[in-house]
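Chains as they are written, first to last, in the working numbering: chain S, 1 to 497; chain L, 498 to 1184; chain U, 1185 to 1361; chain C, 1362 to 1764; chain G, 1765 to 1864. Backbone N, C-alpha and C fix where the C-beta goes; we use that ideal spot for every residue, glycine too. On a predicted model such as this, the values are computed, not experimentally measured, just so you know. Accompanying notes for the structure given below.
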Amino acid sequence: MTNAQSMQAILPVITLLITGMVVLLGDAFLPFWRRSGVASGSLSLLGIVIAAGFALDRLSHQPTHSLAFHGALSLGRFTQACTLLLLLLAGLAVLLAVTYLENRRLNRGEYYTLVLFATSGAILMAAANDLIVLFIAVEMLSVALYVLAGFARSEPRSEEAALKYFLLGAFAAGFLLYGIALIYGGAAISGLGGTTNLALLHLRQGSVPGFMTVAGLALVLVGLGFKAALVPFHMWAPDVYEGSPTSVTGFMAVVVKVGAFAALMRLFIAFAPAAAYWLPAIQIIAVLTMVTGNLLAVTQTNVKRMLAYSSVAHAGYLLIAVAAAATPAAQPLALQAMVFYLAAYGLMTLGAFAVLAWLSHRDADCQTLSDLRGLVRTDPAAAWLMVIFMLSLGGIPPTMGFIGKWYLFTAALQSHQLWLAITLALVSMVAVFYYLRVVWTLCFEEGSGISVSRNTLAPAGVQISLYVAALLSLLGGIAPIVWQPLMLAARSLGRMP
Amino acid sequence: MQNILPQLVLWLPLLGFLFCAASGLVIKDPKVQKKAVSLIAPGVVLLAFVFALAVLFQTHARTLVPLIPGTPLLEPWFTRYGGLRVDFNLVLDPLSLLMALIITGVGGLIHVYAAGYMAEDKEVSRFFTYFNLFVFMMLLLVLGDNFLLMFVGWEGVGTCSYLLISFWFTDEANAKAGNKAFIVNRVGDLGFALGMMAVWSVFGTLSFFTRDGRGVMDLAAHARVLDLAGNPVPAGMITLICLLLLVGALGKSAQIPLFVWLPDAMAGPTPVSALIHAATMVTAGVVMLTRCSWLYVHSVTALQTVAWVGAITALLGALMALTQTDIKKVLAYSTISQLGYMFLACGVGDFSDGMFHVVTHAFFKGLLFLGAGAVIHSMLGQQDMRRMGGLKKLLPATWGVMIVATYSIAGFPLLSGFWSKDAILESASRACFGGGPVLYLIGLVTAFITAFYMNRLMWKTFYTDARFVNGQLPELHHSNEEHEHHEEAAHGKVTNAPASMMQPLYILALLALGFGWFAGPYGPAGGNLLKNFLAPSVAPLSLAGLQPQPELFPKLAGYLISSLAALGGLGLAAWLYRQHMATGELTTDAVKDSSVFNRLLRSNFGFDAVYNMVFFRAGGMLADRVLWHGLEEDVLNGTATGAAALIGRLSLAARKMQTGNARNYALVMLAGMVTLVLGLLVRVMQH
Amino acid sequence: MFAQILFWVLAAICIISSLVMVGSSNPVRSALALVLTMLSLAVMYITLSAQFIAAVQVVVYAGAVMVLFLFVIMLLNLGAPALPEQPRSMQTVLAIALAGVFLVGLVAAGVFQNLPAAPISAKHLHGLGTVQQIGYSLYSPHQPWLFPFEATSILLLIAVVGAIVLARKQPAETEGS
Amino acid sequence: MLDNLTEAWQHLRNGLYQAFIFPEYWHGIHLPALVPYLALVMLLAFTLGTLPLLIWIERVVVSLMQDRSGPNRLGPRGLVQPVADVLKLFFKEDLQPANIDVRIYYLAPFITMFVALAAGAVLPLGSVGFRAADGHLFSVPLTVGNVNIGLLYMLAASSVSVYGLVLAGWSSNNKYALIGGLRASAQVISYELAMGLSLLCVVVLAGTVKLSGIVEAQNSYPFGLHFLPVFLKGSIFSWYWLQSLIVPVLLYTIAMIAETNRAPFDLPEAESELVAGFHTEYSAMKFAAFFAGEYVNMLVVCGLNASVFWGGWLPPFNCFPFTFVPGFVWYGLKVMMGIFFYVWLRATLPRLRYDALMNLGWKKMLPLALVWLFLLAGYSTLRQSNLSLLPKPASAAQTMAGR
Amino acid sequence: MLPVSYYLILSALLFTIGAVGVLIKKNPIQTFMCIELMLNAVNLTFIALGRYFGQMNGQMYVIFSLAVAAAEVSVGLGIIVAIFRTRESIVVDDANLMKS
């Protein structure tokens, strides 16, 4: 693509960025704007919708050549699918934030700007075809999230979350960058010298990677694994998820995961010819992640923390797709499974956090199990929505989580990685327990949970967000066909240019 | 035309469900509504039964007929990704027809009974809404021609069960019981779902049978199993599939280790216990095993697992039933035990006799529950056997049907239970994979214990001296089945159940008496009617080249031994409790109360001493302490069962890593990084 | 010869000053040691024909980043080493051991020795690292660097917004809401 | 001979003014290779040698402006006063406050001075002409290091110079010193942005960051108007103070004063609130080093100003008699003009408040510099594009080809 | 030019020193400096490799890495200042409100 065409192809990102800047300026210069988050929120939403429109437009036109900006980005259908997914999740996150920030008195326009910028970072992670672009995209996402994690500045927990996330994130970024450097050194293409362009690296089929490349790959895996919260690089997740404001946690939990896994997938498909070397590592990490995440989630009494471990566990599930993609025959299924599961995971996790955000009020976040006690009597709507999300997270039919697990399981079997499939099955059973404990607390435990003295200023946002998430995750379970375009688009990644 | 009748069987209960659900909207007057619902709900099920009978006589159902071919109601599911197509097809074969008959027949009777039983409840329409939905889902489960439809039914009946257990959800115990059932079943369902996924990924289809012979069971009905593409399926994959499906069956059919939910499920109304937790839903696991018999016969490992799980469940269930004081709990454990028999039968490859026991069990266990319900109904909700006794005089009709059922389940010669149980024992003794004699012995011991505890129930309920002075309850124990506006409650009178509740009992009693003979080896038309009827839908062991071991002893000797076991158990209980009654101790229990043991010891019956030592001390201890308190309450009970407790402990240990100190986190990251990098380098060096 | 001596001298300065940075409990001294490391790295960059990067290294790292560090240290008055280090804690021992294993492993595996052959010639080195080359690479429509360059601008904008969000005194907070 | 003369004349007309033309080799010694050493000597002599003079100039000029007598005791019009000052500083007792970070305390003043001196290394003091063996003429800029990142080097050096102030303030263990140091560093960092951007305006026009290249690029017709008379080529009207449309030179001049912490931006040493700022605790030689560092700094930034905006060694008009004054004299004069400007400001303007200072830097100068950079970039692009009717400026390519 | 491996090993050494520093420093500012050292070490790798290959790529990476480092610094120091404001202490080990 020429640069002009490339610009056209990343219009979604450009739209997001421009929207973010407009929100920032509006918040800075228009006093009425500052009073409530509605203006910023709805403008952000508008931007997201327009961006989604552009992405849909791209998705419906099969691009002949997907490399943009001379190889910096790959804007094929896989990228557009991830973009759409990210935009959907970001839109829901913005909606829930409007209410939450109002409830918690955290309303500031910068929030939306940062969310929009972080989303564009995640999109670029999914699009990055050059490792250095990936690095920049990771940092765009991370830097915005460091700030968002510490957005509730008067709360020590929020600040602590930001500090931990930042220090460990920067540490991981160091590894990521070093890994990129080593890959650059190890991948000399005759006549060109080193490169970090994945499309160029991909051409070297069948060749044995050098030590430097392999070490670099491992280090990049560390960097991305940190973002995706893979064991043993996951330890920040519970603390940060717990401390961050709930709306941020929800956003962080889903958007980072989508970006990180898209990037992981792209990276490892590019290195698929060398699968013999890295596949065992991925498998081991996947098993470790699934087991550890589920194990630690069992005894948590803080729902945000439990969901953090659950997101670690889901990262393990998703890694199965990456492992499965190493087998060429299973690659399309693995890609489709990953995108579908990301959608499922995103909707249900965001939904769960949205419920918590809904119940948070001025003085406190709703986050412990006891806050949810007997909610079905005091606030049946919230309780039942939570039940749906919990069932979906547990992979119980007829929810999207079930179908997603189905795809992952079959992908693992198709790539003859029986152990991954069995581990998935076993830990899923463990997982059911702690998800259902939330259901139990909601429905059957006596006593009153958090007092819902709801500020009625902007409850619509979170409600729309919740109902959309619930509807989509149920719809995805009953009729997965609604996600077909995305899945078909995702399958195209295997055919690298 | 051929398709319409079976379809009616399926859709009629759905119509009933819709009607009941909408009745509140349509009919304003609550009395009229109640009456209409009580009429329509049993009506549709009985009508469905009539149609099912019609199907039976019309087709003779000798052949496998996939119904409604190519109605792709669910076509959009999954198609285009992975090439899976799931049609909304039904299968009509002897198995599904038999099950349909039981569901609609026994179900219809129980509906009629329930109309009387629930007459005084305020929410009859809600009850029948769930009840009819359950019948529909159960029919879908047995009639569906693919795993997915079966799974929908599977989930559907689970949901209905959950709703009905916690029907009186205002009581927390009920709600908890419902939740427990729900949670434990989810574990099983996950196994089923995973098994289904495995089937899809191995075979590429989910259908059982298709006209062109490309269903899973069609493919498995050969000496070598081939997938759709014609490649042989590895034996390990079949074992995996079978074991995963078995997990589902274990949950649904309350086998070890997933049986804990069933006793608690007795919190629901008694008709629910009769229909769902005795006659139909809990046998879904057996039905599924039978349906998949074509797969199971290819995996000896899976068969062996099934058989041993079944045998152990049968024994443990029976032992646990020994000490129960709640009349419904006894029946619940008895159900677990009997389901164990069915699993045992399936495990040794004798699927048709397993189904035979399903049928007879539906009759006598349904009868037992309904009889118990009548007792409870008469006792105004009292379920504790220690507060019963001497009811024979007060409730003679109930006693009559109960005694038939008891003797039937105990395996009294020539009654229904005798035939089916004996067939299972014989098959078990000839198990193709060895270990037959042990299985047989376990079965026999179980039969003995079964006879004992069933007669114990009868004695404690009906014979021992009346605790009622002139039909008055000395103390009225309120329980959850208490009906608030029950007029007689104030007087505490023991009343007979209304006739509408008794009618179904007589019919079931008749079946419990004679069906075994009718379908058994010495029945009309050359005998083995049921076996021959089922033959087309059940895989023979010989398919995979398996042969049963030679008989241990001649057939007649077998009958004799099992008759002796049954009679011994019955007799022992009768003798013991007669003693007991003579002593005048009313509130004690021979099994539970050790002072009775002492008294018996002091009476210098030499046999008593042995009996005490062998049975009560050891058996009682085992049953009471180890199994009931130890195994069930501590280890298996609640959500923190067995593995869960272990996981919880592991989790607590692992949590110590999470110190909250970012430097430690970074250290773990570095350790992971170093391991990863060096591990990969070593791997590259090796190549 | 001169190049070799220069390398060893610079390497020694780098290593020693970075060790001082890690070892010192006084943040200001750490910061100065780091500045020294950065400056000697900048000189090393010049020997590696990266003059522009060297200048930028000094401007950005030494001139801006580290000054900011010092600034914060002084603003928060953290100069006094109030934090006694525990030199022999498990954490430290493990950290050093792991890092040692990592370094030795990388070097022993020959990660840095077995490089692909480089197409090096005078032609390649001509103008390498000049401002013109940098500009050409960054802005040429035929190089892939235009997009990352634009992306960094957004990244910096995020950082600016973020820093303001974090550090600015909120009117809402002072109102005591 | 004639050819040589013609060529020399052409060379002069092209603006590379040379008072003297040396042979390239002299007894086998490659003379151009010696130019940096010459430059080094000149630089050191000029900076260190003029320091006492500068002190004197400052005192005298200020006194003149403030209508008072100024130094008048030692020597004619107090001319020997600086010598006495220096002697006093040398021989004063060296006091060492308690509880200081000794190493850093002693290091700080020398960092200041050293960095300021090092920054001067890339300033082109003039241009030396040589005749090659084949007879063609070429010139070598009179600078210690004629590096191709000259301007960046200056920026780097000025950004490092902060350390001296900050560390002095911090190591003194004195809150006035600390606040003075922090203020100084904040001020320097803030104004560095505007300074860098205003310099970038010139880079956009010149197409190079090499300082000698920038000076040479000013040796052209004003605004590229080729029809103007030759004496205007490389004249005061073609220097970048005018070609960049005046604003950058204003910005740079303001920023340069702030960078050196001089009045009216001498907040770091505001006596009324901070005693003497970061050097409160310094005395004797160490104070002298600060003092010297400050003056060297002033010289260096004025030198940069002269090179970048005021034509460096170029004479104000490309004709007799200006062309026959050596380039480095012109350069020195320009630098001294800058120093005079410094003193002028000090004598006339009151000190700014701190927030006003920050406001000026961030909210006024930075945006203005940005806008101007864009403006000039657009203007430059327009002139380079073929659509334009305007004549082309010296582009980077031409500059490179020319050398 | 010296063998490129000299530079690479030097940079690996610096990277490792930085990583160790991250693990053992209690003051987050110092931790953060160690992270900066890690990034600097990587930059050296990039430049040495770029020189070895005779291409500009290495230096381009460094430019981006510098920009990223600058962004991280501004946000990181902002966080540290903010946390100091709320709790008057910035010791990493003290930041453990949330654990297990």
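(Q) Just list the residues that DSSP pairs residue 1559(C) with in beta bridges. (A) Within the fourth sequence, numbered from 1, the residue matching residue 1559(C) stands at position 198. Per DSSP, none; premise fails for residue 1559(C).
Q.
At the 9 Å Cβ level, is residue 1362(U) part of the contact set with chain C, yes or no?
A. Outside the shown range of chain U (1185 to 1361) lies residue 1362(U), about which nothing can therefore be said.
Q.
Taking beta-carbon pairs under 8 Å, can you tell me which members of the region 1274-1289 of chain U lie near chain L?
A. 1275, 1278, 1279, 1282, 1283, 1285, 1286 and 1289
**Q.** Chain-ordered neighbours of residue 1339(U) on chain S, where CB pairs are closer than 7 Å
**A.** Residue 1339(U) sits at position 155 when you count from the first residue of the third sequence. Here the neighbours are 136, 139, 140 and 143.
**Q.** Bridge partner(s) assigned by DSSP for residue 1386(C)
**A.** Counted from its first residue, the fourth sequence places residue 1386(C) at position 25. Partner(s): 1391(C).
Q) Between residue 825(L) and the rest of its own chain, which residues show a CB-CB distance below 8 Å, the 5 nearest in sequence each way excluded? A) Taking the second sequence and counting its residues from 1, one reaches residue 825(L) at position 328. For residue 825(L), same chain residues with a beta-carbon under 8 Å away, outside a window of 5 residues either side, are 763, 767, 770, 866, 869, 873 and 880 in chain order.
**Q.** Sub-9 Å separation of residue 905(L) and residue 1055(L) beta-carbons
**A.** Mapped onto the second sequence, residue 905(L) falls at position 408. Mapped onto the second sequence, residue 1055(L) falls at position 558. No, these two residues do not count as a Cβ contact at 9 Å.
Q | Contacts that residue 1803(G) makes with chain S (C-beta to C-beta distance below 7 Å) | A | Residue 1803(G) sits at position 39 when you count from the first residue of the fifth sequence. When 7 Å is used as the limit between beta carbons, residue 1803(G) is near these residues of chain S: 174 and 177, in chain order.
Q | Members of the region 1158-1173 of chain L near chain A, C-beta cut-off 7 Å | A | The question asks about chain A, but that chain is absent: this structure's protein chains are S, L, U, C and G.
(Q) Just to make sure I have the definition right: I need the residues of chain G whose C-beta is within less than 9 Å of the C-beta of residue 114(S). Which are they? (A) On the first sequence, position 114 is the one that residue 114(S) refers to. By Cβ distance, chain G contributes nothing, its closest Cβ being about 11 Å from residue 114(S), past 9 Å.
Q | Residue-chain proximity (residue 1797(G), chain S), Cβ-Cβ < 9 Å | A | Counting from 1 along the fifth sequence, the entry for residue 1797(G) is found at position 33. For residue 1797(G), the answer is no, since every Cβ of chain S falls outside 9 Å of its Cβ.
**Q.** Below-9 Å beta-carbon distance, residue 1310(U) vs any chain S residue
**A.** Position 126 of the third sequence, counting from 1, holds the residue named residue 1310(U). No, its Cβ sits nowhere closer than 9 Å to a Cβ of chain S.
**Q.** Beta-carbon contacts of residue 1456(C) that lie in its chain and below 6 Å, excluding the five residues immediately before and after
**A.** Position 95 of the fourth sequence holds residue 1456(C). Within the same chain, residue 1456(C) has close Cβ partners 1644.
Q: Write down the C-beta distance between residue 96(S) and residue 250(S) rounded to the nearest angstrom, noting that I regard them as a contact closer than 8 Å.
A: Here residue 96(S) refers to the residue found at position 96 of the first sequence. Here residue 250(S) refers to the residue found at position 250 of the first sequence. That belief holds up - the Cβ atoms of residue 96(S) and residue 250(S) are roughly 6 Å apart, short of 8 Å.
Q | Chain-ordered residues of the region 678-709 of chain L with a beta carbon less than 7 Å from chain S | A | 680, 683, 684, 687, 690, 691, 694, 695, 697 and 698
Q: Please check the pair residue 732(L) and residue 1036(L), which I expect to be a contact at CB under 8 Å, by giving their CB distance rounded to whole angstroms.
A: Along the second sequence, one-based indexing puts residue 732(L) at 235. Along the second sequence, one-based indexing puts residue 1036(L) at 539. 16 Å between Cβ atoms; not a contact.
Q) Cβ atoms of residue 108(S) and residue 34(S): under 9 Å apart, would you say? A) Along the first sequence, read from residue 1 onward, the residue named residue 34(S) stands at position 34. Along the first sequence, read from residue 1 onward, the residue named residue 108(S) stands at position 108. Yes; because the gap between Cβ atoms is below 9 Å, this pair is in contact.
Q | CB contact flag (residue 1672(C), residue 1599(C), <9 Å) | A | Numbered from its first residue, the fourth sequence carries residue 1672(C) at position 311. Numbered from its first residue, the fourth sequence carries residue 1599(C) at position 238. Yes, they are a contact pair.
Q.
With a threshold of 8 Å on Cβ separation, who are the neighbours of residue 477(S) within its own chain once the five nearest residues in sequence on each side are excluded?
A. Translated into positions along the first sequence, residue 477(S) becomes position 477. Counting only Cβ-Cβ distances below 8 Å, and skipping sequence neighbours, we find 392, 397, 398, 399, 400, 401, 402 and 403.
Q: Answer with yes or no whether the minimum CB distance from residue 457(S) to chain U is below 9 Å.
A: In the first sequence, counting from the first residue as 1, residue 457(S) sits at position 457. Low per-residue confidence applies at residue 457(S): pLDDT is 47, beneath 50, and the placement is therefore not dependable enough to give any value.
Q: Decide if residue 1189(U) is buried, meaning its Cβ has at least 16 other Cβ atoms within 10 Å, or exposed.
A: By one-based count along the third sequence, residue 1189(U) stands at place 5. Under this definition residue 1189(U) is an exposed residue.
Q: Grab the span of the alpha helix (DSSP H) containing residue 655(L) for me, first residue to last.
A: The residue labelled residue 655(L) in the question sits at position 158 within the second sequence. 644-662 is the span of the alpha helix (DSSP H), which, as asked, contains residue 655(L).
**Q.** Close beta carbons around residue 612(L), own chain, < 7 Å, minus the five adjacent residues each side
**A.** Within the second sequence, residue 612(L) is the residue found at index 115, counting from 1. Cβ-Cβ distances below 7 Å link residue 612(L) to 535, 539 and 997 in the same chain, with the five nearest sequence neighbours on each side left out; the list follows chain order.
**Q.** Assigned exposure category for residue 1273(U) - 16 Cβ within 10 Å defines buried
**A.** Reading the third sequence from its first residue, position 89 is the one you call residue 1273(U). By the neighbour-count rule (16 or more Cβ atoms within 10 Å), residue 1273(U) is not buried but exposed.
Q) Interface residues of chain S around residue 623(L) at Cβ under 7 Å? A) Residue 623(L) sits at position 126 when you count from the first residue of the second sequence. Those do not exist, as residue 623(L) stays about 18 Å from chain S at its closest Cβ, beyond 7 Å.
Q | For residue 302(S), three-class secondary structure by DSSP | A | For the purposes of this step, residue 302(S) is identified with residue 302 of the first sequence, where counting begins at 1. Here residue 302(S) sits in strand by DSSP.
Q. Grouping DSSP H, G and I as helix and E and B as strand, with all else coil, what is residue 1501(C)?
A. Along the fourth sequence, one-based indexing puts residue 1501(C) at 140. Residue 1501(C) falls in the strand class under three-state DSSP.
Q. Can you tell me whether residue 1310(U) is buried or exposed, with buried defined as 16 or more other CB within 10 angstroms of its CB?
A. Walking along the third sequence from the start, residue 1310(U) turns up at place 126. By the Cβ-count criterion, residue 1310(U) is exposed, with fewer than 16 other Cβ atoms from all chains shown falling within 10 Å of its own Cβ.
Q | Own chain residues within Cβ distance below 6 Å of residue 1730(C), not counting five before or after | A | As a first step, residue 1730(C) is located in the fourth sequence; it is residue number 369 there, counting from the start. For residue 1730(C), where only same-chain residues beyond five positions count, the Cβ hits under 6 Å are 1555, 1558, 1559 and 1612.
Q: Consult DSSP for residue 1678(C) and reduce its assignment to one of helix, strand or coil.
A: In the fourth sequence, counting from the first residue as 1, residue 1678(C) sits at position 317. In the three-state scheme derived from DSSP, where H, G and I count as helix and E and B as strand, residue 1678(C) is classed as coil.
(Q) Comparing C-alpha positions only, which one of 803(L), 1006(L), 735(L) and 761(L) sits nearest to residue 860(L)? (A) Here residue 860(L) refers to the residue found at position 363 when the second sequence is read from its first residue. Closest by alpha carbon: 1006(L).
Q | Length of the line joining the Cα atoms of residue 902(L) and residue 703(L) | A | Taking the second sequence and counting its residues from 1, the one referred to as residue 902(L) is at position 405. Taking the second sequence and counting its residues from 1, the one referred to as residue 703(L) is at position 206. Each residue's Cα considered, the two are about 40 Å apart.
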